[in-house]
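Everything on this sheet refers to the single structure shown next.
There are 2 protein chains.
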Amino acid sequence: MQNRQYHHGDLRNSLIEAGIELINREGTSQLSLRKVAALCGVSQAAPYSHFQSKEDLQDAIRDYVIVQFMEVLENSIKDCTDQNNPRLLIQMGKNYVMFFIKNPQYFPFVFSQQCMEVNLSLDGDDTRNFPPFQLLKTKAVPILSKLGMSKEKMEDAIISMWATVHGLASIATMKNVHYNKDWETKIEDIIWNK
Amino acid sequence: MQNRQYHHGDLRNSLIEAGIELINREGTSQLSLRKVAALCGVSQAAPYSHFQSKEDLQDAIRDYVIVQFMEVLENSIKDCTDQNNPRLLIQMGKNYVMFFIKNPQYFPFVFSQQCMEVNLSLDGDDTRNFPPFQLLKTKAVPILSKLGMSKEKMEDAIISMWATVHGLASIATMKNVHYNKDWETKIEDIIWNK
DNA sequence: ACACAATCTTGACACCGTTAAGATTGTAAC
DNA sequence: GTTACAATCTTAACGGTGTCAAGATTGTGT
Chain F
1 MQNRQYHHGD LRNSLIEAGI ELINREGTSQ LSLRKVAALC GVSQAAPYSH FQSKEDLQDA
61 IRDYVIVQFM EVLENSIKDC TDQNNPRLLI QMGKNYVMFF IKNPQYFPFV FSQQCMEVNL
121 SLDGDDTRNF PPFQLLKTKA VPILSKLGMS KEKMEDAIIS MWATVHGLAS IATMKNVHYN
181 KDWETKIEDI IWNK
Chain A
1001 MQNRQYHHGD LRNSLIEAGI ELINREGTSQ LSLRKVAALC GVSQAAPYSH FQSKEDLQDA
1061 IRDYVIVQFM EVLENSIKDC TDQNNPRLLI QMGKNYVMFF IKNPQYFPFV FSQQCMEVNL
1121 SLDGDDTRNF PPFQLLKTKA VPILSKLGMS KEKMEDAIIS MWATVHGLAS IATMKNVHYN
1181 KDWETKIEDI IWNK
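Protein sequence lines, in the order shown, are assigned to chains F and A.
For the first sequence, position 93 matches number 93 in the working numbering, and the numbering has no gaps at all.
Position in the second sequence (first residue = 1) + 1000 = the working numbering.
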């Protein structure tokens, strides 16, 4: 691992982390393979030993961000003793929005492209489902079942929940949005107001 | 207006329409000044006589799309005899989502950047507010007032309504979304389910 | 007829993603 | 230890991009 000539040692991960740094510093639109390579001190074509294309690197960075996102969501409900309390869903929703308010650059990056599978239906294949929505599904189904909700209504309700928090995150992370209240304390009121 | 040498005649509008065509045909990411110029039969630098930058052209195209969008929203409620019927808000919401389902390319384009002002609060300056949200505001306030809703709750409710339909549009226009039902007939159920 | 401003072209620059060809290095087999 | 091989990285080049400077063309008003 000497003074790194040629072999970097851990270039793949370094490229991902440099990409994260670039997105945070200059925004999603400023992410480029050449800048990321330069940040890692390698030539412009070096990334192609680890990624097939820029989109491939973006996918890897996206996965990296989603892992962080999932940690936040899971931490937000791990203290709930009663896993059947509807408050659990509010907690998750609140943290969904706050994650992107705290990292506004991540929102257009995570949702810019087409790269993730989403299964909105309650039946069907969930194996490759977008992890945050899959988490909502698995947590919401038992809670709503206990409330006596039909399967049809349940599907609508779960989509509605995701749409609300996702839309709120989208709106709150827009650049020229003026809101004279504190998101952290208001999100809950807004979500409830359905 | 002969056989257009040099002076095109209506290049500014032609560039905007060519941009629209390009977005519909190849997607937002494929929009480029040079392609748009080529579509209009002018040189690569010609657009700079009418737009300061690519972003400036994008803003003009965005305005053009938003005008179409506003026509759809206004048409969706012009037949409502009772302007105080809450159904009016559902109608608008449904058409908000359907506009982007019918034109999926427009969603990432209209909401990609930072160029529009948004005032979420009920007070404050609405003169340059994002027109679709401003329309929702002006229509929702009298309806919710008649229902006896407080101003504080009203603000939350209006934000919540926008978030829900906006999130629904965002989700429905994602590329790899699987939904085994018809959006047109289900949107209303999903919105109601709050 | 002239002057001027608006409009458009040509040519260049830096940056970008991507590829081909080849150089360097770690590793496993002998 | 030497040798072969695969992985990794570099250099050089291609076409595409936004942008700017210089100058050519044209409509318009004096």
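Using N, Cα and C, we set each Cβ at its ideal position, and we do this for glycine too.
If you're wondering where the values come from, they're calculated on a predicted model, not measured in any experiment.
query, result
"Identity of the residue in F/Leu33, F/Gly27, F/Glu26 nearest F/Ile16 by Cα", "F/Leu33"
"Cβ contact check for the stretch 78-90 of chain F and the stretch 121-130 of chain F: 3 or more pairs under 8 angstroms", "no"
"Any C-beta of chain A under 8 angstroms from that of F/Thr185", "no"
"Contact set for A/Val1072: own chain, Cβ-Cβ below 6 angstroms, skip 5 residues either direction", "Asn1095, Phe1099"
"Helix, strand or coil at A/Val1042 [DSSP, three-state]", "coil"
"Classification of F/Asn129 by the beta-carbon crowding that lies within 10 angstroms, buried from 16 upward", "buried"
"Inside the stretch 1114-1165 of chain A only - alpha helix (DSSP H) runs reaching at least 4 residues", "1131-1146"
"Cβ neighbour criterion (16 or more within 10 Å) applied to F/Ser160", "buried"
"Boundaries of the alpha helix (DSSP H) in which A/Gly1019 is found, first to last residue", "1011-1026"
"Within 8 angstroms, strictly: CB atoms of A/Leu1022 and A/Leu1039", "yes"
"Residues bridged to F/His178 [DSSP beta-bridge criterion]", "A/Asn1119"
"CB of F/Thr28 within 8 angstroms of CB of F/Phe133, strictly", "no"
"Distance, F/Leu31 Cα to F/Phe107 Cα", "14 angstroms"
"8 angstroms Cβ cutoff, F/Asp182 in contact with chain A", "no"
"Proximity test, Cβ basis, 8 angstroms: F/Glu55 and chain A", "no"
"Interface residues of chain A facing F/Val32 [CB-CB closer than 8 angstroms]", "A small correction: the amino acid at residue 32 of chain F is Ser; Val does not occupy that position in the sequence shown. Result: empty, since nearest Cβ-Cβ is about 14 angstroms, beyond 8 angstroms."
"Three-state secondary structure assigned by DSSP to A/Phe1051", "coil"
"Distance, F/Val165 Cα to F/Val97 Cα", "6 angstroms"
"F/Val141 beta carbon less than 8 angstroms from that of A/His1178", "no"
"Closer than 8 angstroms to chain F by CB, A/Lys1175", "yes"
"Three-state secondary structure (DSSP) of F/Ile191", "helix"
"Beta-carbon gap between A/Ile1090 and A/Ile1191 smaller than 8 angstroms", "yes"
"Three-state secondary structure (DSSP) of A/Pro1108", "helix"
"As assigned by DSSP and simplified to three states, the class of A/Ile1061", "helix"
"is_contact[A/Met1116, chain F] using C-beta, thresh 8 angstroms", "yes"
"Residue interval of the alpha helix (DSSP H) (run including F/Ile90)", "87-102"
"Own chain, CB closer than 6 angstroms to F/Met70, minus 5 neighbours either side, in chain order", "Pro131"
"Chain F residues whose Cβ lies nearer than 7 angstroms to that of A/Asn1193", "Lys153, Asp156, Ala157, Ser160"
"Environment of F/Ala169 [buried if 16+ CB atoms lie within 10 Å]", "buried"
"Beta-carbon gap between F/Lys139 and A/Asn1193 smaller than 8 angstroms", "no"
"With 16 other Cβ atoms within 10 Å as the buried cut-off, status of F/Val67", "exposed"
"Cut-off 8 angstroms between Cβ atoms - residues of its own chain near F/Ala157, not counting five sequence neighbours on either side", "Ala140, Leu144, Met149"
"Proximal residues to F/Ser43 (C-beta, below 7 angstroms), its chain only, five neighbours per side dropped", "Ala37"
"CB contact flag (A/Gly1093, F/Ala163, <8 angstroms)", "no"
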